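In numbering that gives the first Met the number 0, the protein residues as written are 0 to 407. Heads up, the beta-carbon is just placed ideally off N, CA and C, and yes, glycines get one too. Keep in mind it's a predicted model, so treat the numbers as computed, not measured. The structure appears below as structure tokens.
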Amino acid sequence: MKLTDIKQMDKNYFTNTFGERTPIAFEYGKGMYLYDLENNAYLDFLGGIAVTALGHSHPTLVNAITNQAQKYIHCSSLYYIKEQAMLAKKICDFSCADKVFFGNSGAEANEGAIKLARLYQRKKGKPDKYEIITLEKSFHGRTLATIAATGQDKYQKQFNPLTPKFKSVPINDFDAIKNSVDENTCAIMLEPIQGESGVNPVSKEYLSNIRKLCDEKDIVLIFDEVQCGMWRTGKLFAYEHFEIEPDIFTLAKALGGGFPIGALCAKDKFAQAFSPGDHGSTFGGNPLACSAGLAVFKVFEDENLVKNSEKSGKYMIEKLTELKKKYSVIKEIRGSGCMIGIEFSKDIAIDIKNELFKQKILVGSVKKSIIRLLPPLIVKKENIDELCKALNKTIGDMQWKKIPEKQF
Ligand code: PLP
0 MKLTDIKQMD KNYFTNTFGE RTPIAFEYGK GMYLYDLENN AYLDFLGGIA VTALGHSHPT
60 LVNAITNQAQ KYIHCSSLYY IKEQAMLAKK ICDFSCADKV FFGNSGAEAN EGAIKLARLY
120 QRKKGKPDKY EIITLEKSFH GRTLATIAAT GQDKYQKQFN PLTPKFKSVP INDFDAIKNS
180 VDENTCAIML EPIQGESGVN PVSKEYLSNI RKLCDEKDIV LIFDEVQCGM WRTGKLFAYE
240 HFEIEPDIFT LAKALGGGFP IGALCAKDKF AQAFSPGDHG STFGGNPLAC SAGLAVFKVF
300 EDENLVKNSE KSGKYMIEKL TELKKKYSVI KEIRGSGCMI GIEFSKDIAI DIKNELFKQK
360 ILVGSVKKSI IRLLPPLIVK KENIDELCKA LNKTIGDMQW KKIPEKQF
């Protein structure tokens with residue numbers, strides 16, 4: 000089938016939720032590359048938006064999924080599932096969590112976390128403690144509760160009335176959070192490094208103050224690590240950078256290496272609020288998804304990919320900083336590990352993304368002025384050199400001097 004046929008069929012039958020997509024369809028992937036229908040290789044610095052941490056079609060992951068599919072794919076969590084128990088143990092062994100619940104996506108994991116936080120307060124005899132404070136510019140998913148949690152008007156305005164009792168406050172402003180806490184505050188939910196709004200980290204001092212506030216007022220601290228978790232930032236979980244622990248955290252994206260799975264992970268004190276019947280999922284924690292998750296952990300352990308994520312991230316920042324010195328249009332490079340944002344002082348990010356695409360390199364753009372890099376965590380020095388060479392050429396060739404400065 001040709002790309003034009005796929006485009007037409009998509010236009011006819013798929014909801015117009017993604018608009019005019021990048022004009023390409025892929026046939027297969029291997030390592031850092033995706034191959035289009037004509038077998039052209041594209042260097043992938045987007046990783047399915049922080050999903051394909053092991054690169055494309057890693058043999059350990061492919062074998063795990065194939066073997067499991069040959070045994071059985073689904074049975075229902077009405078029965079004990081070996082792979083589910085093993086993956087839950089794996090996450091608990093490596094994190095501050097004592098219990099895990101599996102869903103199928105990041106939004107579902109966050110929904111579960113919100114439900115658990117409210118139940119925790121209710122079961123402590125405080126049913127009026129239901130309000131959740133989140134941060135502006137956050138992103139927590141597309142379900143009705145998670146868009147209410149998401150501190151961005153553009154995701155919310157079409158869906159009023161929103162799920163009630165969420166409010167968002169500016170990031171890295173401790174007074175704002177402290178002043179919005181009252182006797183109804185149930186939880187504070189945040190991404191340690193905001194992803195969808197262009198890689199915005201929270202500060203260590205800010206998080207440590209929030210941790211203290213939550214302890215003092217018995218407020219549940221929830222970290223959404225759907226994007227920044229799973230070695231993305233050079234540590235297994237982003238909270239490890241901040242020397243504090245959340246009460247509940249959520250995972251998805253890279254957890255299955257591309258196979259859909261989400262997880263809500265909680266300390267015992269909070270997890271105990273769930274009683275039989277309070278939460279569930281038909282597909283969540285099925286043997287296939289959990290086998291994929293186990294394979295992801297195996298590859299990371301066997302190949303020490305966390306070192307690579309950290310090392311490659313440092314190298315990427317170093318090379319991008321050289322470009323920043325050369326081009327005044329680069330305003331800021333931020334992020335850690337393989338989660339990096341390049342902010343420009345002009346609205347040129349979409350043009351840059353499109354130019355890189357012509358040079359067969361895939362990156363993401365956020366709004367009009369930020370490029371986001373989320374490569375597979377197997378990314379090598381030569382891949383980074385190729386990206387930076389292409390960026391150098393692209394920025395150098397562009398007529399950006401004539402474009403007006405952005406007002407920040
Ligand atoms: N939370 C964060 C931080 C995300 O980045 C995303 C997706 O981009 C989500 C939640 C929603 O995840 P999903 O699209 O799997 O529902």
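Check, Outcome
"With a cut-off of 8 Å, do at least 3 Cβ pairs link the region 122–135 to the region 148–155?", "yes"
"For Thr142, I'd like the list of residues in its chain whose CB is within less than 7 Å of its CB, leaving aside the five on either flank, ordered along the chain.", "Ala106 and Glu110"
"Go ahead and pull the three-state DSSP assignment for Asn178.", "helix"
"Can Asp301 be considered in contact with ligand 1, in the sense that its beta carbon sits closer than 6 Å to one or more heavy atoms?", "no"
"Less than 6 Å separating the Cβ of Phe158 from some heavy atom of ligand 1?", "no"
"How about Glu195: is its Cβ closer than 6 Å to a heavy atom in ligand 3?", "Of the ligands this structure carries, namely ligand 1, none is ligand 3."
"Measure from the alpha carbon of Asp181 to the alpha carbon of each residue in Gly54, Ala84 and Cys213, then state which is nearest.", "Cys213"
"Does DSSP put Pro200 in a helix, in a strand, or in coil?", "strand"
"Between the alpha carbons of Leu53 and Glu300, how many angstroms are there, rounded?", "12 Å"
"Identify whether Tyr119 lies in helix, strand or coil by the three-state DSSP scheme.", "helix"
"Can you give, in chain order, each stretch of the alpha helix (DSSP H) that sits fully within the region 247–312 and has at least 4 residues?", "267–270 and 286–302"
"Within the continuous beta strand (DSSP E) that includes Cys185, where are the two ends?", "Thr184 to Leu189"
"What is the residue span of the beta strand (DSSP E) that Phe25 lies within?", "Phe25 to Lys29"
"Suppose contacts are defined by Cβ-Cβ distances below 7 Å. Is Phe414 in contact with Tyr238 by that definition?", "There is simply no residue 414 to check, as the chain begins at 0 and stops at 407 in what is shown."
"In angstroms with no decimal places, state the Cα-to-Cα distance between Ala348 and Gly47.", "19 Å"
"Between the region 319–336 and the region 158–166, do at least 3 Cβ pairs fall closer than 8 Å?", "no"
"Quick one: is Ser75 buried, meaning 16 or more other Cβ sit within 10 Å of its Cβ, or exposed?", "exposed"
"Between the alpha carbons of Ile370 and Ser179, how many angstroms are there, rounded?", "33 Å"
"Based on the DSSP secondary-structure assignment, which residues constitute the bridge partners of Val99?", "Cys264"
"Only counting the same chain, and skipping five residues up and downstream in sequence, which positions put a Cβ closer than 6 Å to that of Ala112?", "Ile221, Ile247, Thr249 and Leu263"
"Verify whether the separation of the beta carbon atoms of Cys455 and Ile131 is less than 7 Å.", "Any answer about residue 455 is impossible in this case: the structure gives the chain only from 0 up to 407."
"Under the criterion of a Cβ to heavy atom distance below 6 Å, does Phe343 qualify as lining ligand 1?", "no"
"Can you check the region 138–176 for any beta strand (DSSP E) of at least 3 residues that lies completely inside it and give the ranges in chain order?", "165–168"
"Which of the three DSSP states is assigned to Gln193 in this structure?", "strand"
"Taking Ser280 as the reference, which of Leu304, Pro200 and Gly102 has the closest Cα?", "Gly102"
"Could you pull the start and end residues of the beta strand (DSSP E) that Ile339 belongs to?", "Met338 to Phe343"
"Report the rounded CA-to-CA distance for Asp346 versus Lys323, giving the unit in angstroms.", "16 Å"
"In angstroms, rounded to a whole number, what distance separates the CA positions of Ile394 and Ile80?", "52 Å"
"For Glu82, count the other beta carbons within 10 Å of its own beta carbon; 16 or more makes it buried, fewer makes it exposed. Which is it?", "buried"
"How many Å lie between Ile187 and Gln226 at the Cα?", "18 Å"
"Note down the Cα distance separating Ser167 from Leu319, rounded to an integer number of angstroms.", "32 Å"
"Under a three-way DSSP split, which group does Phe222 fall into?", "strand"
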